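The sequence shown begins at 135 in the working numbering and counts up one residue at a time. Everything below concerns the one structure shown next.
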Amino acid sequence: MDELKAAMRDDTIMVSVMAVNNEIGTLQPLKEIGELCRSRKIVFHTDAAQMLGKMPIDVDEMKIDLMSMSSHKIYGPKGIGALYVRRRPRIRLEPIMSGGGQERGLRSGTLPHSLCVGFGAACEIASKERQFDTEWIEALSEKLRKGIEDNIPQVVRNGDPEYNYPGCLNYSFAYVEGESLLMALKNIAVSSGSACTSASLEPSYVLRALGVDDELAHSSLRFGIGRFTTEDEVDFVLDLLKKHVVRLREMSPLWEMVQEGIDLKTIQWSQDEHH
135 MDELKAAMRD DTIMVSVMAV NNEIGTLQPL KEIGELCRSR KIVFHTDAAQ MLGKMPIDVD
195 EMKIDLMSMS SHKIYGPKGI GALYVRRRPR IRLEPIMSGG GQERGLRSGT LPHSLCVGFG
255 AACEIASKER QFDTEWIEAL SEKLRKGIED NIPQVVRNGD PEYNYPGCLN YSFAYVEGES
315 LLMALKNIAV SSGSACTSAS LEPSYVLRAL GVDDELAHSS LRFGIGRFTT EDEVDFVLDL
375 LKKHVVRLRE MSPLWEMVQE GIDLKTIQWS QDEHH
């Protein structure tokens with residue numbers, strides 16, 4: 135919050151915040167941010183794609199002016215989203231494309247009615263099932279967390295352990311290359327970094343912002359748990375994960391040195407120069 139306050143200027147017109155981080159699951163204090171923005175007469179937008187249907191959202195209490203949502207994040211059809219716009223006092227928006235004037239002139243183009251209906255149905259189901267989904271996901275998340283932390287040494291959980299969405303866990307496995315581990319876990323749909331940037335070989339900018347060094351950032355994996363995840367699947371992941379982390383570490387000379395009690399930070403690494 136202090137950094138947000140410091141970033142605000144007299145000419146700041148909007149603050150946009152991701153409600154739940156898609157890579158490490160960290161929750162942002164939306165109510166506090168909303169109150170701060172309202173006190174400064176700054177428009178507050180939040181990307182709630184990862185939060186919709188999973189956690190309670192009160193746009194009035196949180197003083198949210200604009201909120202974007204996505205259907206496929208709550209098991210609805212792909213290709214449809216929604217934007218909440220505060221009515222009073224009204225937020226005036228300008229269209230980014232012209233045409234038939236659909237969506238009250240804000241977004242031209244024929245509406246995909248089947249996708250709209252599917253999104254609405256997914257929201258209705260999510261509202262009814264949220265309590266059950268929450269308890270189920272929390273239980274599986276704890277099972278996965280304990281299975282990793284109790285059975286695999288030298289792991290680091292990335293993100294805030296208290297203020298987080300339990301369906302998103304991110305771990306760094308020291309002395310293991312994340313891409314190698316990802317390939318070893320080919321039967322499991324996990325990602326190294328966010329799903330949006332997993333094709334990049336650059337370390338996660340989110341983890342870098344947390345102060346995680348490049349080696350640990352490169353060894354990170356993101357695990358997602360949802361409504362249809364089963365206990366057997368979590369057990370399957372844990373068995374494969376332990377097996378392949380052990381195998382990949384056995385191939386690492388750095389891991390061998392650590393096992394021998396050598397502090398890698400005390401080593402003066404040299405590199406031959408070739409001219």
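For every residue, glycine included, the Cβ atom is placed at its ideal position computed from N, Cα and C. Since the model is a prediction, treat every value here as computed from it, not as a measurement.
- Query: Buried or exposed: residue 362, going by 16 or more other Cβ atoms within 10 Å of its Cβ?
  - Reply: When all chains shown are included, residue 362 counts as exposed.
- Quick one: Cα of residue 144 to Cα of residue 178, how far? Put simply, the backbone Cα of residue 144 is about 15 Å away from that of residue 178.
- Item | CA nearest to the CA of residue 140, picked from 164, 197, 379 and 174 | Looking at the Cα atoms, 174 is the closest of the given residues.
- Message: As a quick exercise: from 279, 326, 269 and 308, pick the residue whose alpha carbon is nearest that of residue 287.
- Response: Selected option, being the one with the closest Cα: 308.
- Closest by C-alpha distance to residue 220, when choosing among 137, 317 and 193: Out of 137, 317 and 193, 193 has the C-alpha closest to the C-alpha of residue 220.
- In chain order, what residues of the same chain have a beta carbon less than 6 Å from the beta carbon of residue 171, not counting five sequence neighbours either side? Around residue 171, the same chain offers 149 and 178 as residues with beta carbons nearer than 6 Å, after the five sequence neighbours per side are excluded.
- Message: Given a cut-off of 8 Å on the beta-carbon distance, is the pair residue 155 and residue 380 in contact?
- Response: Taking 8 Å as the Cβ cut-off, residue 155 and residue 380 do not qualify as a contacting pair.
- Okay, do the stretch 161-171 and the stretch 205-222 touch, 3+ Cβ pairs below 8 Å being the bar? Flag = no, the stretch 161-171 and the stretch 205-222 do not touch.
- With a CB to CB cut of under 8 Å and the five nearest residues on each side skipped, what residues in its chain are close to residue 357? Cβ neighbours of residue 357 beyond the five flanking positions: 278, 302, 303, 304, 305, 324 and 371.
- Task: Pull up the distance between the alpha-carbon of residue 414 and that of residue 227, whole angstroms please.
- Result: The shown model of the chain, from 135 to 409, leaves out residue 414, and the question about it has no answer.
- Query: The alpha helix (DSSP H) spanning residue 380 covers which residue range?
  - Reply: Taken as a continuous stretch (DSSP letters only), the alpha helix (DSSP H) holding residue 380 covers 365-384.
- Item | Three-way DSSP call (helix, strand, coil) for residue 209 in this model | In the displayed model, residue 209 falls within coil according to three-state DSSP, outside both helix and strand.
- Item | Exposure of residue 239, with buried meaning 16 or more beta-carbon neighbours within 10 Å | By the C-beta density criterion, residue 239 is exposed, having fewer than 16 other C-beta atoms within 10 angstroms.
- Query: Given that a residue counts as buried once 16 or more other Cβ atoms are within 10 Å of its Cβ, and exposed if not, what is residue 129?
  - Reply: Here the chain has residues from 135 to 409 only, and residue 129 is not among them.
- Could you pull out every residue in the same chain whose Cβ sits closer than 6 Å to the Cβ of residue 152, ignoring the five residues on either side in sequence? Answer for residue 152: 181, listed in chain order.
- Message: To the nearest angstrom, how far is the alpha carbon of residue 248 from that of residue 378?
- Response: Distance between residue 248 and residue 378, taken at the CA atoms: about 44 Å.
- Task: Provide the residue(s) that pair with residue 257 in DSSP beta bridges, ordered along the chain.
- Result: Answer is none; residue 257 lacks a bridge partner.
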